[in-house]
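Positions 985 to 1245 (my numbering) are the ones given, in order, by the sequence shown.
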Amino acid sequence: MTRVLSAVAMLAIVVGTLWWLPAWATLGLAELVVLLALVEYADLAERAGAPAPKGLVVVAGLAICAAVARDAAVVPVLMAATVAIGAAAVGKTRGRASGGWTYVAGVFGPLYVGLPLGTLVALHAARGSEVVLLLLAVIVASDAAQFYGGRALGRRPLAPATSPKKTIEGAFSGVLAGAAVMAIAGGWGGVAIHPAFGAAFGAALAGIGIVGDLFESKLKRGAGVKDVSGLIPGHGGVLDRLDSWLFAIPLFDAVLRGLSA
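In structure tokens form, the structure reads like this:
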């Protein structure tokens, strides 16, 4: 029940901000989330043996979020940098502290969090609330289906070394839910998406969201923690709720750009 109540409260804040408040409020909410997530990230990096300067990490993430929200043209360059640095970050082993790893952790964190959330703000400004709420529906449906589908049907582990509780059946449930939502609601908000393409698109968003979840689990594994914090009752920390979003937002943005070209 705690998990459900927390989820309802978070959804109410996000939907209310997107739908009723002015654009600056969306940026303000995104910046607050960036701040909280990067404080957690810096603590995680320190536990993993790569103590990045928390203040600089947070300020850099806030600046990246604001820059991307203002000018989405910088997204491809920053995305390439994020992928390259993230590949190094996920390969780090626990306890392998060095100046190089501290640098990697310090540079990667602001990109990992600030870039997708800035992109989401830019999407909201350019395309309206409906498009962002469409992505929200896909991710929320996928996450819920993974959780409850995994509990009801889960038998085979998906990635036991990284996230022991995740199952293949839960992941499949999440992908199906994402596909169904996008197939049904893909035309909402003025986005011309055929149901068949919508199903494939929704499945891809759910799938990349699962990869994002596993990526964050890998980072937590390296730090030796189960949750990054206990800030959100029943859910863990802000990063624990963002993990799917941080990977799904760039894909969502890229596909919409392609459809509009």
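From the three backbone atoms N, C-alpha and C, an ideal C-beta is built for every residue, glycine too.
From the listed residues Ile1192, Gly1090 and Gly1133, the smallest Cα separation to alanine 1232 is found for Ile1192. Taking the Cα of alanine 1161 as reference, the smallest distance to any Cα among Leu1120, Asp1055 and Arg1205 is reached at Leu1120. Less than 8 angstroms divides the Cβ of glycine 1170 from the Cβ of glycine 1182. Under the three-state reduction of DSSP output, isoleucine 1216 falls in the strand class. For a cut-off of 8 angstroms, the C-beta gap from glutamate 1024 to leucine 1046 is around 15 angstroms, too long to register as a contact.
Cβ neighbours of proline 1144 within its own chain (closer than 6 angstroms, five residues either side excluded): none. Under the three-state reduction of DSSP, proline 1234 is assigned to helix. Unbroken alpha helix (DSSP H) runs of no fewer than 4 residues, entirely contained in the stretch 1007-1045, are found at 1007-1031, following chain order. For alanine 1143, DSSP records a beta bridge to Ser1147. Each of Thr1010, Ile1177, Tyr1096 and Gly1134 was checked against the Cα of arginine 1241, and the nearest Cα belongs to Ile1177.
Assigned with DSSP and collapsed to three states, methionine 1166 falls in helix. CA-to-CA, the gap between proline 1179 and arginine 1205 works out to about 38 angstroms.
Taking the CA atoms as reference points, leucine 1142 sits about 8 angstroms from proline 1148.
For the options Ala996, Val1052 and Arg1225, the alpha carbon positioned closest to that of isoleucine 1123 is the one of Arg1225. In the three-state reduction of the DSSP assignment, lysine 1202 falls in the helix class. Between the stretch 1089-1096 and the stretch 1032-1049, the count of Cβ pairs shorter than 8 angstroms is three or higher; the stretches touch. Going by C-alpha positions, leucine 1243 is about 12 angstroms away from glycine 1174. In this chain, the alpha helix (DSSP H) harbouring alanine 1128 covers 1113-1137.
The three-state secondary structure of isoleucine 997, taken from DSSP, is helix.
Cβ-Cβ distances below 7 angstroms link serine 990 to Ile1216, Pro1217, Gly1218 and His1219 in the same chain, with the five nearest sequence neighbours on each side left out; the list follows chain order. DSSP, reduced to helix, strand and coil, places histidine 1108 within a helical segment of the structure shown. With a beta-carbon spacing of about 5 angstroms, leucine 1230 and proline 1100 fall inside the 8 angstroms limit used to define contacts.
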